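Engineer:
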Amino acid sequence: MRQREVQRVDTVVHGGTVVTSTETHEGAVAIQGEKVVAVGPRELLPPADRYIDATGKYVLPGAIDVHIHLGTPEEGRADDWRSGTIAAAHAGVTSIVSFAGADISKKETPPQAVIRFKEHVSKQSVVDFSFHANLANESYIFEGLERFIPEAIRLGAPSFKMFMQYGGRVSDKFLAKAMEVIAANGGLAQVHCENGDACEYLEEKALAEERVRPLDWPSTRPPWTEEEAVRRAIYFAEITKCPLHVVHLSSHGALEEIKEAQRRGVKVWTETCPQYMLLSEKDMERLGPFIKISPPVRPADMIHQNAMWRGLEHGYISVVASDHAPKHKEDQEHGWQNIFMNPQGGRVPLGSPNVQTMVPLAYSEGVVKRGLPITWIARALAENPARIFGLYPRKGAIRPGSDADLLIIDPEPEYIVRAVDLQGNSKYNPYEGWKLKGRPWMTLLRGKVLLSQGKLEQRAGYGQFLQAGSPHPPIAGRGN
Numbered sequence: 109m110r111q112r113e114v115q116r117v118d119t120v121v122h123g124g125t126v127v128t129s130t131e132t133h134e135g136a137v138a139i140q141g142e143k144v145v146a147v148g149p150r151e152l153l154p155p156a157d158r159y160i161d162a163t164g165k166y167v168l169p170g171a172i173d174v175h176i177h178l179g180t181p182e183e184g185r186a187d188d189w190r191s192g193t194i195a196a197a198h199a200g201v202t203s204i205v206s207f208a209g210a211d212i213s214k215k216e217t218p219p220q221a222v223i224r225f226k227e228h229v230s231k232q233s234v235v236d237f238s239f240h241a242n243l244a245n246e247s248y249i250f251e252g253l254e255r256f257i258p259e260a261i262r263l264g265a266p267s268f269k270m271f272m273q274y275g276g277r278v279s280d281k282f283l284a285k286a287m288e289v290i291a292a293n294g295g296l297a298q299v300h301c302e303n304g305d306a307c308e309y310l311e312e313k314a315l316a317e318e319r320v321r322p323l324d325w326p327s328t329r330p331p332w333t334e335e336e337a338v339r340r341a342i343y344f345a346e347i348t349k350c351p352l353h354v355v356h357l358s359s360h361g362a363l364e365e366i367k368e369a370q371r372r373g374v375k376v377w378t379e380t381c382p383q384y385m386l387l388s389e390k391d392m393e394r395l396g397p398f399i400k401i402s403p404p405v406r407p408a409d410m411i412h413q414n415a416m417w418r419g420l421e422h423g424y425i426s427v428v429a430s431d432h433a434p435k436h437k438e439d440q441e442h443g444w445q446n447i448f449m450n451p452q453g454g455r456v457p458l459g460s461p462n463v464q465t466m467v468p469l470a471y472s473e474g475v476v477k478r479g480l481p482i483t484w485i486a487r488a489l490a491e492n493p494a495r496i497f498g499l500y501p502r503k504g505a506i507r508p509g510s511d512a513d514l515l516i517i518d519p520e521p522e523y524i525v526r527a528v529d530l531q532g533n534s535k536y537n538p539y540e541g542w543k544l545k546g547r548p549w550m551t552l553l554r555g556k557v558l559l560s561q562g563k564l565e566q567r568a569g570y571g572q573f574l575q576a577g578s579p580h581p582p583i584a585g586r587g588n
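Residue numbering for the sequence shown follows the working numbering, beginning at 109 and increasing consecutively.
(1) Whole angstroms are fine: how far does the CA of N533 sit from the CA of T180?
(2) Take L168 as the anchor and find which of G209, H122, S359 has the nearest alpha-carbon.
(3) Measuring alpha carbon to alpha carbon, tell me which of S267, I516, G200, K281 ends up nearest V235.
(4) What's the call for Y539, buried or exposed, on a 16-neighbour Cβ count within 10 Å?
(5) Would V144 and S560 be called neighbours here (beta carbons separated by less than 9 Å)?
(6) Kindly indicate the opening and closing residues of the alpha helix (DSSP H) around L559.
(7) Nearest-angstrom Cα distance between E335 and G361?
(8) DSSP three-state call for I249: helix, strand or coil?
(9) Look at L574 and F237 and say whether their C-beta atoms are less than 9 Å apart.
(10) Looking at C-alpha atoms only, which residue of Q115, E522, V127 is the closest neighbour of L514?
(11) Quick check: the stretch 159 to 166 against the stretch 185 to 204, are at least 3 beta-carbon pairs closer than 8 Å?
(12) List in chain order: all unbroken alpha helix (DSSP H) runs of 4+ residues lying wholly within the stretch 174 to 222.
(13) Indicate the three-state DSSP secondary structure (helix, strand or coil) for G419 in the structure shown.
(14) Could you pull the DSSP bridge partners for K143 from this structure?
(15) Restricting to runs no shorter than 3 residues, where is the beta strand (DSSP E) found entirely within the stretch 277 to 353?
(16) Please state whether DSSP places K543 in a helix, a strand or coil.
(17) For H240, which option in G555, A208, R255, N303 has the closest C-alpha, if you only look at C-alpha atoms?
(18) Identify the residues that DSSP records as bridge partners of P548: which are they?
(19) Going by DSSP in three states, H228 sits in which element: helix, strand or coil?
(20) Excluding the 5 residues preceding and the 5 following E441 in the sequence, name in chain order all residues of the same chain whose CB lies nearer than 7 Å to its CB.
(21) If you reduce the DSSP assignment to three classes, tell me which class M270 lands in.
(22) Run the proximity test for D439: is its beta-carbon closer than 8 Å to any non-hydrogen atom belonging to the ligand MG?
(23) Tell me whether A316 is buried or exposed, calling it buried when 16 or more other Cβ atoms sit within 10 Å of its Cβ.
(24) Tell me which residue opens and which closes the beta strand (DSSP E) that Y166 is part of.
(25) Where in the stretch 418 to 490 do unbroken runs of the alpha helix (DSSP H), each at least 4 residues long, occur, reported from the N-terminal end onward?
(26) Below 7 Å CB to CB, which residues in the same chain sit around E246 once its five sequence neighbours on both sides are set aside?
(27) From D188, A136, Y159, pick the residue whose C-alpha is nearest to that of A595; which is it?
(28) What's the C-alpha gap between L553 and D324?
(29) Determine, using beta carbons only, whether Q464 and Q531 come nearer to each other than 9 Å.
(30) Find out if the Cβ-Cβ distance for the pair P351, P154 is shorter than 9 Å.
(31) By how many angstroms is the C-alpha of A171 removed from the C-alpha of E491?
(32) For the stretch 297 to 314 against the stretch 426 to 438, are there 3 or more C-beta pairs whose distance is under 8 Å?
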């Protein structure tokens, strides 16, 4: 009898430690086309046309950044969809979920914005991408919520961003109605939680008293402004039964509000960012306007920063995201003289470059320095982002049927962060001079090598649009 021929696969990644959100094991990953087809001991996997030796390295699901701001110079963005996704790819990120903001001047609707962004970004992105639909506090958007929200969901953008801060902040009436419609259609509300009225008053007071140094910025957005807004957003989510994702959490009190709501069974999840885990007001002495962010970095007693680490370890905080929002250095440096206003009377812009340092900081500061298990990176930077934003199990997992998106980390290299070595157009980095250990060695996106030892192997336009579905609850950490 003729022995049946064993079918070959395209690629086998072997020799490394395969890392999921819950466990690690020595094994190999077989890839055919764009998909993972098998995970297990190398000797049990089919032969391959290509072997990638990951000996001594960690093999994780590709990282997903669900909070990244990209755009055009006209919008004040330093990074566009090409430069920003190249920076993301160099960080081990294989997918992003960014923001589709409607052009209010043209009365563009959120679904129209999603269509416009999809067409534009598909030509620029080197990583896979999806969108959050922004809901601005405009009368025509408010009146059309019952139509716009289900349309955006059908287009594959089921998460909706609202601001309780800035000029376009939504009212409580808007927030309640939007959450009601989002819940009825199986979507997700995500909210920037700061009490905008209070922050506006505190900023006006600081200007009147000529308190305009960089160190005066955090006092206009103290922790209680975030805590109050989180409490209010949770209240509306609870009464409307709408899943809620709180973006860029920064304060201990706000985390306590979320923990209490989670104990009550409210579907509220949250993310934090390396800048809220690692930086403090003391860093504003060195960096000044280059870390003018909102919420601001918190006091140097590290109470809030340590709370972020504990929240991540125990699963109350589900996601690490970058909030990458770089601006041009020359526009921000006016803030050394006046952190609020430039000499022409315009605003000194908010934002800092964070995406390319996100994964290296998570590994070096979390796993190496603080002793967190490597599984927390797979959980907080891959599986949970995919779950919450409707991409799981296509993304965020290493299992048969999932996209073959892999992040391979070499734990050995030690190096100094230098802005000149990084991608992107911002010309500075908040972590300049930091010594890190471990870095992305290789990434694969849908079965093809995306990054290999610092060299990008795919071009703009390789990234594909991801049709997101309804949110799924994230998994927790070590235990509560």
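Quick reminder that beta carbons are idealized off the backbone N, C-alpha and C, glycines included. Computed from a predicted model, the values in this text were never measured in an experiment.
Structural biologist: Here's the rundown:
(1) The count along the sequence shown starts at 1 and reaches residue 180 at position 72. The count along the sequence shown starts at 1 and reaches residue 533 at position 425. Rounded to whole angstroms, the gap between the alpha carbons of T180 and N533 is 12 Å.
(2) The sequence position of residue 168 within the sequence shown is 60, counting from 1. Of the listed residues, the one whose Cα sits closest to L168 is H122.
(3) The residue labelled residue 235 in the question sits at position 127 within the sequence shown. Considering only S267, I516, G200, K281, the residue with the shortest C-alpha distance to V235 is G200.
(4) Along the sequence shown, read from residue 1 onward, the residue named residue 539 stands at position 431. With a threshold of 16 other beta carbon atoms within 10 Å, Y539 meets it and is buried.
(5) Within the sequence shown, residue 144 is the residue found at index 36, counting from 1. Within the sequence shown, residue 560 is the residue found at index 452, counting from 1. No, the Cβ-Cβ distance between V144 and S560 is not below 9 Å.
(6) One-based indexing of the sequence shown puts residue 559 at position 451. Taken as a continuous stretch (DSSP letters only), L559 belongs to no alpha helix (DSSP H), being part of the beta strand (DSSP E) at 556 to 560.
(7) Here residue 335 corresponds to residue number 227 of the sequence shown, with the count starting at 1. Here residue 361 corresponds to residue number 253 of the sequence shown, with the count starting at 1. In a straight line, the C-alpha of E335 is about 6 Å away from that of G361.
(8) On the sequence shown, position 141 is the one that residue 249 refers to. Assigned with DSSP and collapsed to three states, I249 falls in helix.
(9) The residue you call residue 574 lines up with position 466 of the sequence shown. The residue you call residue 237 lines up with position 129 of the sequence shown. It is a contact, given that the beta carbons lie within the stated cut-off.
(10) Locating residue 514 in the sequence shown gives position 406, where the first residue counts as 1. When Q115, E522, V127 are compared, the shortest CA-CA separation from L514 is found for V127.
(11) Verdict: no, contact absent.
(12) Segments of the alpha helix (DSSP H) lying fully in the stretch 174 to 222: 189 to 198.
(13) For the purposes of this step, residue 419 is taken as the residue at position 311 of the sequence shown. Secondary structure of G419 (DSSP, three-state): helix.
(14) Indexing the sequence shown from 1 puts residue 143 at position 35. According to DSSP, which records beta bridges pairwise, K143 is partnered with Q140, D511.
(15) At a cut-off of 3 residues, the continuous stretches assigned as beta strand (DSSP E) that sit fully inside the stretch 277 to 353 are 296 to 300.
(16) Counting from 1 along the sequence shown, the entry for residue 543 is found at position 435. In the structure shown, K543 adopts extended strand secondary structure according to DSSP, grouped into three states.
(17) Indexing the sequence shown from 1 puts residue 240 at position 132. Per the Cα distances, A208.
(18) Numbered from its first residue, the sequence shown carries residue 548 at position 440. Per DSSP, I517.
(19) For this step, residue 228 is matched to residue 120 along the sequence shown. Reduced to three states, the DSSP call for H228 is helix.
(20) Mapped onto the sequence shown, residue 441 falls at position 333. If the five residues before and after E441 are omitted, its C-beta is found closer than 7 Å to the C-beta atoms of P397, all from its own chain and listed in chain order.
(21) As a first step, residue 270 is located in the sequence shown; it is residue number 162 there, counting from the start. Three-state DSSP puts M270 in a strand.
(22) Only the bare structure without any ligand can be found here, which leaves the ligand MG out of the picture.
(23) In the sequence shown, the residue the question calls residue 316 occupies position 208. Here A316 is exposed. Its C-beta has fewer than 16 other C-beta atoms within 10 Å.
(24) By 1-based counting over the sequence shown, the position of residue 166 is 58. Membership of Y166 in the beta strand (DSSP E) is indicated by the continuous run 166 to 169.
(25) Qualifying alpha helix (DSSP H) stretches, in chain order: 437 to 440, 463 to 469, 483 to 486.
(26) Residue mapping note: residue 246 aligns to position 138 of the sequence shown, counting from 1. Only I212 meet the Cβ criterion.
(27) Look at the range of the chain in this structure, 109 to 588, and you will see that residue 595 is not part of it.
(28) Looking up residue 553 in the sequence shown gives position 445. Looking up residue 324 in the sequence shown gives position 216. The alpha-carbon of L553 is positioned some 43 Å away from that of D324.
(29) Position 356 of the sequence shown holds residue 464. Position 423 of the sequence shown holds residue 531. Contact annotation: Q464 and Q531 have beta-carbon atoms nearer than 9 Å.
(30) As a position in the sequence shown, residue 351 is number 243, starting the count at 1. As a position in the sequence shown, residue 154 is number 46, starting the count at 1. No.
(31) As a position in the sequence shown, residue 491 is number 383, starting the count at 1. As a position in the sequence shown, residue 171 is number 63, starting the count at 1. So the two alpha carbons sit approximately 9 Å from each other.
(32) The count of Cβ pairs closer than 8 Å, one atom from the stretch 297 to 314 and one from the stretch 426 to 438, stays below three, leaving the stretches out of contact.
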